[in-house]
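**Q** The structure is given below, and queries will be raised subsequently.
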Amino acid sequence: MRKVEELMPHHWVTPCGSQCTHKYAALTQIPWRVFCKKGCGADVETWDECVSACDHICFKDPVLKDQQWSAYIDRSPGASINSEQCFHACVAGCGYKYDMPANKVEEVHPNRPAMPSAAAAREPTTRPVNPEVRTLLRRFQDFTEEKKQNFLKGSKSEEKKMLAIFQKGLVDPPKELNSPTSEKKKKAKSPEEIVRAFQLSQPSSDTLSIGFGDTAFLSYFPSKGLPPQQRLFCSTDDMYCLFQGSLDNFSTLLKQYGLAKSTNEAMFIVEAYRTLRDRGPYPADRVLNDLDGSFGFVIYDRNAGSVFVALGADQRVQLFWGIAADGSAVISDSLDVMKEGCAKSFAPFPAGCFFHSEVGLMSFEHPKNKLKAMPRVDSEGIVCGANFKVDVSSKIDTIPRVGSEANWALSGR
């Protein structure tokens, strides 16, 4: 099966995948799959691949498979600024082959020249082309195979651009992350040196960096790709969130929490964290298990003086954590940053787990089991920071009954 990048150019996929909330009222009577199939006039094999690509791009939401086009657009998260542009690009890409009654053409193609019939569409000299579409098509011609691969897979410079550092005392990472042989081979750097190196490696005009004195530092470079590569930042009420990935059930979660469609994933994570913090005792593991998709995030709650980190279980998003020279906790999605900054005192953050500065590391996939450190040795035979795995043979003691004043929400139990 051909990959998504072979079916749709980047400049069409992005507005469709993340910003199509605008309503095209005329399409309410046309199921979206029927529209796509008739519109493109593709053969069966190409059509099956197209459907698979659409399912992937549209967050694989099975509820939408039999819904009408307008219902699909309504359920998709994001803004509407590129919806019309995306729609016309889609029509142009299909060759204006959608043959429909004349009285419906203006509805489907609002305030634009009417789409010709299928017969007229075969005449390239008579086919109207919107200027915006012409620009998109020109860009697509320059979208080389190398750029396509970098877009979906990400090169080292494109894919890894997120960093968080927290002072020792605010966050006390597990002692097993500290390599006993690190100082003998290569010393870890100070937080200031790690920050300086990270900033020099990124375009300063696009990088967001926030420092909180000696207590914390957050920095990220906004992504230009699709999920799961996207990186987002949110700040509200002295809560700061770095988010990477995508949530497949995002629309359902917005409704569940009563949030607006303009909410992005980082904003949602902050609201979910606020709910845990202020309205316990709903356990953290249940909240995280409600998130379907690929995700990793770091929250710094400045007022509470706490940090919350979590990583999805599917391992499509990676985070690393380690220890700087002064004992500060370092968290990043860049392996190079961790190697240079923490020497051997780092490890992959365990998938399906969360870390809270007050309760430590826990598994939200297996909340009743403890985690154990697994020694890790690199190719040079040097002992590095330990990995953490679920210990199926150990159980966490159940919570005793307490009064309503006790909040066990962030304990995960």
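Residue numbers (full-length UniProt numbering): 1 to 413.
We put the beta carbon where it would ideally sit given N, CA and C, even for glycine.
With a threshold of 8 Å, are at least 3 pairs of Cβ atoms found where one atom belongs to the segment 328-346 and the other to the segment 192-212?
**A** yes
**Q** Considering only DSSP beta bridges, list what ARG231 is partnered with.
**A** Looking at the DSSP assignment, ARG231 forms a beta bridge with GLN244.
**Q** Tell me where the alpha helix (DSSP H) around LEU335 begins and ends.
**A** 335-342
**Q** Grab me the residues of ALA386's own chain with a C-beta within less than 8 Å of its C-beta, minus the 5 sequence neighbours each way, in chain order.
**A** PRO174, GLU176, LEU177, ALA347, ALA373, MET374, PRO375 and ARG376
**Q** Should the segment 209-221 be regarded as contacting the segment 230-240, the criterion being three or more beta carbon pairs within less than 8 Å?
**A** yes
**Q** For GLY293, which option in SER345, LEU371, ALA313 and ASP301 has the closest C-alpha, if you only look at C-alpha atoms?
**A** ALA313
**Q** Bridge partners for TYR282 per DSSP, in chain order?
**A** For TYR282, which the question treats as bridged, DSSP gives no partner whatsoever.
**Q** Does the separation of the CB atoms of GLY322 and CYS342 fall below 8 Å?
**A** It is a contact, given that the beta carbons lie within the stated cut-off.
**Q** Please report the distance separating the alpha-carbon of PHE295 from that of LYS186.
**A** Distance from the CA of PHE295 to the CA of LYS186, rounded to the nearest whole angstrom, comes to 32 Å.
**Q** Quick check on the burial criterion: 16 or more other C-beta atoms within 10 angstroms. Buried or exposed for ARG180?
**A** In the sequence as presented, Arg is not what sits at residue 180; that position holds Pro. Answer is exposed; the Cβ neighbour count stays below 16.
**Q** Considering only C-alpha positions, which residue in the set LEU163, LYS389, PHE212 and GLU358 is nearest to GLU365?
**A** LYS389
**Q** What are the start and end residues of the beta strand (DSSP E) that includes ARG376?
**A** 369-377
**Q** Nearest by alpha-carbon distance to ALA324: which of ASP172, MET162 and LYS161 is it?
**A** ASP172
**Q** Can you give me the C-alpha to C-alpha distance between GLY381 and ASP237, rounded to a whole angstrom?
**A** 46 Å
**Q** Where does the unbroken alpha helix (DSSP H) through ALA324 begin, and where does it stop?
**A** From DSSP, ALA324 is part of no alpha helix (DSSP H); its letter is neither H nor E.
**Q** Using the Cα positions of LEU170 and SER328, report the straight-line distance between them to the nearest angstrom.
**A** 9 Å
**Q** Any idea if ALA272 is buried or exposed, counting beta-carbon neighbours within 10 angstroms, 16 or more meaning buried?
**A** buried
**Q** Going by the CB atoms, is the gap between PHE243 and ILE210 shorter than 8 Å?
**A** no
**Q** Are LEU319 and PHE349 touching if we call contact CB-CB under 8 Å?
**A** Cβ atoms of LEU319 and PHE349: closer than 8 Å.
**Q** So which of ALA260, MET239 and PRO367 has the shortest CA-CA distance to LYS395?
**A** PRO367
**Q** Which residue spans inside the segment 177-220 form an unbroken alpha helix (DSSP H) run of at least 4?
**A** 182-185 and 191-200
**Q** Let's test the definition: count the other Cβ atoms within 10 Å of the Cβ of LEU393 and tell me whether it reaches 16, buried, or not, exposed.
**A** A quick correction: the sequence has Ser, not Leu, at residue 393. Burial call: exposed.
**Q** Between the C-alpha atoms of VAL195 and LYS168, what's the straight-line distance to the nearest angstrom?
**A** 16 Å
**Q** DSSP three-state call for GLY331: helix, strand or coil?
**A** Note that residue 331 is Ile in the sequence shown, not Gly. ILE331 falls in the strand class under three-state DSSP.
**Q** With distances taken from CA atoms, which of MET362, ASN369, LEU254 and ASP333 is nearest GLN315?
**A** ASP333
**Q** Using a Cβ-Cβ cutoff of less than 6 Å, which residues in the same chain neighbour MET239 once the five nearest sequence positions on both sides are dropped?
**A** VAL270 and ASP301
**Q** If you draw a straight line from the C-alpha of LEU253 to the C-alpha of ILE331, how long is it?
**A** Rounded to the nearest angstrom, the gap between the Cα atoms of LEU253 and ILE331 is 27 Å.
**Q** By the three-class DSSP mapping on this structure, what secondary structure does VAL287 have?
**A** helix
**Q** Three-state secondary structure (DSSP) at THR263?
**A** coil
**Q** If you run the structure through DSSP and keep just helix, strand and coil, what is LYS389?
**A** strand
**Q** In the DSSP output, what is ILE299 paired with across the bridge?
**A** Looking at the DSSP output, ILE299 bridges to CYS241 and PHE308.
**Q** Based on DSSP bridge pairs, tell me the residues matched to GLY293.
**A** LEU247
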